[in-house]
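A short worksheet on the structure shown next.
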Ligand SMILES: [Zn+2]
Ligand SMILES: [Zn+2]
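Numbering (this note's numbering), first residue to last: 79 to 346.
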């Protein structure tokens with residue numbers, strides 16, 4: 079690895095912290111509207127900070143290890159190569175993350191995901207609070223897929239790093255419990271594709287559905303999206319946050335008992 083590559087790996091190890099601190103400060107300074115008006119305890123924040131020290135380096139260290147071991151073949155950098163690698167990493171990660179996320183919600187594998195879901199109300203620190211295994215399996219899948227592709231096609235490290243910067247930034251925002259989009263955003267063309275903070279906040283509060291990472295596409299394909307997602311996003315954006323974890327709207331409010339029971343069983 080050359081000096082630039084080592085610098086980029088080190089940058090990825092720490093870059094989430096400025097994102098976390100900046101979103102926290104912006105949320106307070108600009109009074110950005112909340113998805114859930116439910117307080118996070120100091121104990122949760124301490125636990126999330128503790129977890130972050132172990133989990134933030136896992137993706138970049140896996141990337142560096144794959145390069146050093148000669149498993150991930152990195153091609154000479156070009157703009158085209160970086161762009162195509164960025165797109166391929168984005169698409170592959172959406173698919174892999176969705177499958178992994180569904181798998182670790184199965185009872186037999188849920189021990190991997192339990193730590194992340196101890197946070198029922200999210201904040202920016204939740205975005206880097208995982209068990210070691212969860213982040214490790216995620217990183218192995220992302221880098222493993224790219225390593226396989228690199229056996230036949232040119233793969234750009236800059237493209238991978240650019241994807242991770244986008245992922246770390248949007249993942250911090252996605253866990254911020256701050257809704258930055260306008261009411262009705264999820265009915266727009268962009269909103270029909272990409273998730274928002276409300277989308278993932280609902281996953282944590284209700285424990286199931288809305289599994290998608292940066293897009294809603296896999297949830298829509300596999301019919302695993304909450305029907306009142308657009309309603310919750312619009313309410314949050316209008317300054318009408320939800321006030322209870324199990325608060326639901328429209329068709330989701332009917333038969334709430336069954337879903338609530340499932341959530342409690344998984345949470346225990
Ligand atoms: Zn989950
Ligand atoms: Zn989460």
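Using N, Cα and C, we set each Cβ at its ideal position, and we do this for glycine too.
DSSP three-state assignment for residue i, whether helix, strand or coil
i, result
"residue 92", "helix"
"residue 336", "At residue 336 the pLDDT is 41, less than 50, meaning the model places this residue with poor confidence and gives no usable figure here."
"residue 272", "strand"
"residue 320", "strand"
"residue 152", "strand"
"residue 307", "helix"
"residue 54", "This structure cannot speak to residue 54, because the chain is shown only from 79 to 346."
"residue 114", "strand"
Status (buried if at least 16 other CB within 10 Å, exposed otherwise) for residue i
i, result
"residue 122", "buried"
"residue 260", "exposed"
"residue 237", "buried"
"residue 234", "buried"
"residue 319", "buried"
"residue 87", "buried"
"residue 304", "buried"
"residue 296", "buried"
"residue 100", "exposed"
"residue 80", "exposed"
"residue 252", "buried"
"residue 299", "exposed"
"residue 283", "buried"
"residue 119", "exposed"
"residue 144", "buried"
"residue 242", "buried"
"residue 108", "exposed"
"residue 131", "exposed"
"residue 345", "Bear in mind that a pLDDT of 42 at residue 345, under 50, signals an unreliable position, so the model cannot answer this."
"residue 266", "exposed"
"residue 183", "buried"
Boundaries (first-last residue) of the alpha helix (DSSP H) holding residue i
i, result
"residue 302", "Residue 302 -> no alpha helix (DSSP H), and no H or E assigned at all."
"residue 170", "157-181"
"residue 120", "120-133"
"residue 145", "136-146"
"residue 330", "Neither: residue 330 is in no alpha helix (DSSP H) and is coded neither H nor E."
Heavy atom of ligand 4 within 8 angstroms of residue i beta-carbon
i, result
"residue 182", "With respect to ligand 4, the structure offers nothing, as its ligand set consists of ligand 1 and ligand 2."
Beta carbon proximity, residue i to chain C, threshold 9 angstroms
i, result
"residue 162", "As a matter of chain content, chain C is missing from the structure shown, which is built from one protein chain."
### Query
Of all the beta strand (DSSP E) runs that stay within the bounds of the segment 188-258, which reach a length of 3 or more residues?
The qualifying runs do not exist here; there are none.
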